[in-house]
Ligand code: NAI
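Right, here's the structure in full:
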């Protein structure tokens, strides 16, 4: 079969690219060997957020007496929780399948490999030909020596999301985003959780200010999560159905389950790249130009497969922008600083643009403003007084360079900041925008006012 566009991989990058390509009138095929929706929908963003919401409710119900509301201690029915999480995933997956069908995308449930003649061979024996091929094959969890996922005592993030049991003691290797989010969920479910991070700081791969990370660590510690930094997990020996973990830089640790969350690797092997002379780099990423073109004619790559943050919304933005170029539009610029990031812990962390540290490193004279959650009427009434908003602006023209939010609903609140950073707004514009009272976004306004030395609800420095 011949198509205008064939996309390999139906995660948030691939399926969005397919829908947009078909919308533009291109004959489009999408090949997926596992499930439509990819890791984000089935083993990542969505199931974790379903569990985040459910376990947040569990935590709130368990501590509501402070608000004068008493529950008998809430209990967890693990199979029912797993079924509910699956129902969320199933409903959303059904939606995407319908969108693809209605959009006129032909879906091939198969494994695809590039051939030397630039055709695509499918595991079903079929062959697809296309003017343009988009590789959107995503990434997979990295396995580290000494911790085989084949051992039931060792969990990948997929195992953690399967919700087969609540381990009494869970050791999480890796203080990155996945490690923290799953640590938070299992702590709320009642596990005794220890995070082991190799580097001197958690979340070290992200551009977050020390104050933000320190605030998060304090809150996680207050919720009973132990964080060990500058400690390397080197191996383990089985012990009573669990494991005794050996570490470099720390004590041996006893665990019933070990969750390995040390990063993800692009799925760039086994897809025939070598046959079209595309060589991934040492870490498996495929290099592309500003229009997502690989070094092979007519072959493009997007999402986790290419360098940049491994985020679903970044993949989607690339998929849509790439499809637009197929219709003759110039490649939309997706600047790294304009991509927001949200971490679903308790409290949440979200950021967009430059941190205070990164802005200073660039030699820019900056204005910094902060506003505490504790000064927001809404936050106090929600029993969520922990955290703060931070804005960083260029001192010369007041243009907003970056925002970090540590606190309740930060993942939703970052939307306004992302729009402001992308639109090159000034902190004055945010300070002068009337925000409804009492709401959490007032915190962004408060931080902008504070950057200008004209805060009303917090002391000016
Ligand atoms: P990551 O790269 O964020 O963190 C992995 C951590 O493991 C690093 O801090 C590293 O120093 C540490 N580490 C490596 N080897 C170790 C060892 N032997 N002992 C102890 N620590 C060790 O990777 P993560 O958390 O697996 O996430 C993968 C990707 O998925 C990231 O790019 C992340 O942005 C993305 N993601 C984003 C989410 C979100 O935006 N909410 C949610 C989940 C994943």
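Numbering (the working numbering), first residue to last: 0 to 460. Each residue gets a CB set at the ideal place from its N, CA and C atoms; glycine is no exception. Computed from a predicted structure; not experimentally measured.
Am I right that residue 400 and residue 353 are in contact with their C-beta atoms under 8 Å? What's the rounded C-beta distance?
As a working note, residue 400 is residue 401 in the chain shown. As a working note, residue 353 is residue 354 in the chain shown. Right, their Cβ atoms sit about 5 Å apart.
Would you list, in sequence order, the uninterrupted beta strand (DSSP E) runs of no fewer than 3 residues that lie entirely inside the region 29 to 116?
105 to 108 and 111 to 113
So is the beta-carbon of residue 231 under 7 Å away from any non-hydrogen atom of the ligand NAI?
Here residue 231 corresponds to residue number 232 of the chain shown, with the count starting at 1. Indeed, a heavy atom of the ligand NAI lies less than 7 Å from the Cβ.
Residue 319 - DSSP class collapsed to helix/strand/coil:
One-based indexing of the chain shown puts residue 319 at position 320. It is helical.
Should residue 201 and residue 228 be called a contact, given that it needs their Cβ atoms to be closer than 8 Å?
Locating residue 201 in the chain shown gives position 202, counting from the first residue. Locating residue 228 in the chain shown gives position 229, counting from the first residue. Contact: yes.
For the alpha helix (DSSP H) that residue 156 lies in, which residues bound it at each end?
Working through the chain shown from its first residue, we reach residue 156 at position 157. 156 to 161 is the extent of the alpha helix (DSSP H) around residue 156.
Could you check which residue in 349, 361 and 404 has the C-alpha nearest to that of residue 371?
Taking the first residue of the chain shown as position 1, residue 371 is located at position 372. Out of 349, 361 and 404, 404 has the C-alpha closest to the C-alpha of residue 371.
Should residue 209 be counted as a contact of the ligand NAI given a C-beta to heavy atom distance under 7 Å?
Counted from its first residue, the chain shown places residue 209 at position 210. No.
Where residue 292 sits in the DSSP three-state scheme
Counting from 1 along the chain shown, the entry for residue 292 is found at position 293. Strand.
Rounded to the nearest angstrom, what separates residue 145 and residue 182 at their Cα positions?
Start at 1 with the first residue of the chain shown, and residue 145 comes out as number 146. Start at 1 with the first residue of the chain shown, and residue 182 comes out as number 183. So the alpha carbons of these two residues sit roughly 21 Å apart.
From the DSSP output, in three-state form, read off residue 191 for me.
Here residue 191 refers to the residue found at position 192 of the chain shown. Residue 191 falls in the strand class under three-state DSSP.
How big is the Cα-Cα spacing for residue 177 and residue 454?
As a first step, residue 177 is located in the chain shown; it is residue number 178 there, counting from the start. As a first step, residue 454 is located in the chain shown; it is residue number 455 there, counting from the start. Approximately 36 Å between the Cα atoms of the pair.
With three or more beta-carbon pairs closer than 8 Å as the criterion, would you say the region 48 to 55 touches the region 123 to 137?
no
Reduced DSSP secondary structure (H/G/I, E/B, other) of residue 344:
Reading the chain shown from its first residue, position 345 is the one you call residue 344. Note: residue 344 maps to coil in three-state DSSP.
Using the three-state DSSP reduction, which class does residue 138 fall into: helix, strand or coil?
Translated into the one-based positions of the chain shown, residue 138 becomes position 139. The answer is strand: DSSP assigns residue 138 an E or B state.
Member of 360, 392, 440 and 195 whose CA lies at the smallest distance from the CA of residue 247
In the chain shown, counting from the first residue as 1, residue 247 sits at position 248. Ranking the options by Cα distance to residue 247, first place goes to 195.
Please report the straight-line C-alpha distance between residue 133 and residue 104, rounded to a whole angstrom.
Here residue 133 refers to the residue found at position 134 of the chain shown. Here residue 104 refers to the residue found at position 105 of the chain shown. One C-alpha to the other measures close to 14 Å.
Do residue 177 and the ligand NAI come close, with the Cβ less than 7 Å from some heavy atom?
As a first step, residue 177 is located in the chain shown; it is residue number 178 there, counting from the start. Yes; taking the cut-off as 7 Å, the Cβ of residue 177 has a heavy atom of the ligand NAI nearer than that.
Have a look at 309, 344, 148 and 191 and flag the residue whose alpha-carbon is nearest the alpha-carbon of residue 217.
Taking the chain shown and counting its residues from 1, one reaches residue 217 at position 218. For residue 217, the nearest C-alpha among the options comes from 344.
DSSP state of residue 206 mapped onto helix, strand, coil
Start at 1 with the first residue of the chain shown, and residue 206 comes out as number 207. DSSP places residue 206 in coil when its eight states are reduced to three.
Would you mind working out which of 193, 205 and 68 sits nearest residue 224, comparing C-alpha positions?
Numbered from 1 along the chain shown, position 225 holds the residue referred to as residue 224. Nearest option by C-alpha distance: 193.
Quick one, which of 254, 244, 295 and 95 has its alpha-carbon nearest residue 273's?
Along the chain shown, read from residue 1 onward, the residue named residue 273 stands at position 274. Of the candidates 254, 244, 295 and 95, the one whose C-alpha sits nearest the C-alpha of residue 273 is 295.
If you compare alpha carbons, which of 160, 91, 378 and 115 is closest to residue 78?
As a first step, residue 78 must be located in the chain shown, where it is residue number 79. Checked all of 160, 91, 378 and 115; the closest Cα to residue 78 is 160.
Beta carbon of residue 208 nearer than 8 Å to that of residue 356:
Translated into the one-based positions of the chain shown, residue 208 becomes position 209. Translated into the one-based positions of the chain shown, residue 356 becomes position 357. Yes, the Cβ-Cβ distance between residue 208 and residue 356 is below 8 Å.
Exposed or buried, what is residue 68 when buried is set at 16 or more other beta-carbons lying within 10 Å of its beta-carbon?
Along the chain shown, one-based indexing puts residue 68 at 69. Classification for residue 68: exposed.
Measuring straight from C-alpha to C-alpha, what distance separates residue 324 and residue 26?
Locating residue 324 in the chain shown gives position 325, where the first residue counts as 1. Locating residue 26 in the chain shown gives position 27, where the first residue counts as 1. Looking at the two C-alpha atoms, the distance is approximately 15 Å.
Inter-residue spacing [alpha-carbon to alpha-carbon] between residue 287 and residue 73:
On the chain shown, position 288 is the one that residue 287 refers to. On the chain shown, position 74 is the one that residue 73 refers to. Between residue 287 and residue 73, the C-alpha separation is close to 51 Å.
Compute the distance between the beta-carbons of residue 398 and residue 446, then report whether it is under 8 Å.
Position 399 of the chain shown, counting from 1, holds the residue named residue 398. Position 447 of the chain shown, counting from 1, holds the residue named residue 446. No; because the gap between Cβ atoms is not below 8 Å, this pair is not in contact.
If I'm right that residue 265 touches residue 303 with Cβ under 8 Å, what's the distance once you round it to whole angstroms?
Here residue 265 refers to the residue found at position 266 of the chain shown. Here residue 303 refers to the residue found at position 304 of the chain shown. Rounded, the Cβ-Cβ distance is 6 Å, consistent with contact.
If the criterion is Cβ atoms closer than 8 Å, does the pair residue 426 and residue 392 meet it?
If you number the chain shown from 1, residue 426 lands on position 427. If you number the chain shown from 1, residue 392 lands on position 393. For residue 426 and residue 392, yes; Cβs fall inside 8 Å.
Measure the alpha-carbon distance for residue 10 versus residue 101 and round it to whole angstroms.
Looking up residue 10 in the chain shown gives position 11. Looking up residue 101 in the chain shown gives position 102. Straight-line Cα distance between these residues: approximately 18 Å.
Rounded straight-line distance, which links the Cα of residue 186 to that of residue 222
Within the chain shown, the letter at position 223 stands for residue 222. Within the chain shown, the letter at position 187 stands for residue 186. For residue 222 and residue 186, the distance between alpha carbons rounds to 8 Å.
Terminal residues of the continuous alpha helix (DSSP H) containing residue 492?
This structure cannot settle anything about residue 492, because the visible part of the chain is limited to 0 through 460.
Hey, could you find the ends of the beta strand (DSSP E) residue 406 is sitting in?
Position 407 of the chain shown, counted from the first residue, corresponds to residue 406. Where residue 406 is concerned, there is no enclosing beta strand (DSSP E), given that its DSSP letter is neither H nor E.
Rounded to the nearest angstrom, what separates residue 170 and residue 261 at their Cα positions?
For the purposes of this step, residue 170 is identified with residue 171 of the chain shown, where counting begins at 1. For the purposes of this step, residue 261 is identified with residue 262 of the chain shown, where counting begins at 1. About 13 Å.
Any idea if residue 328 is buried or exposed, counting beta-carbon neighbours within 10 angstroms, 16 or more meaning buried?
By 1-based counting over the chain shown, the position of residue 328 is 329. Classification of residue 328: exposed, given that the 10 Å Cβ count is below 16.
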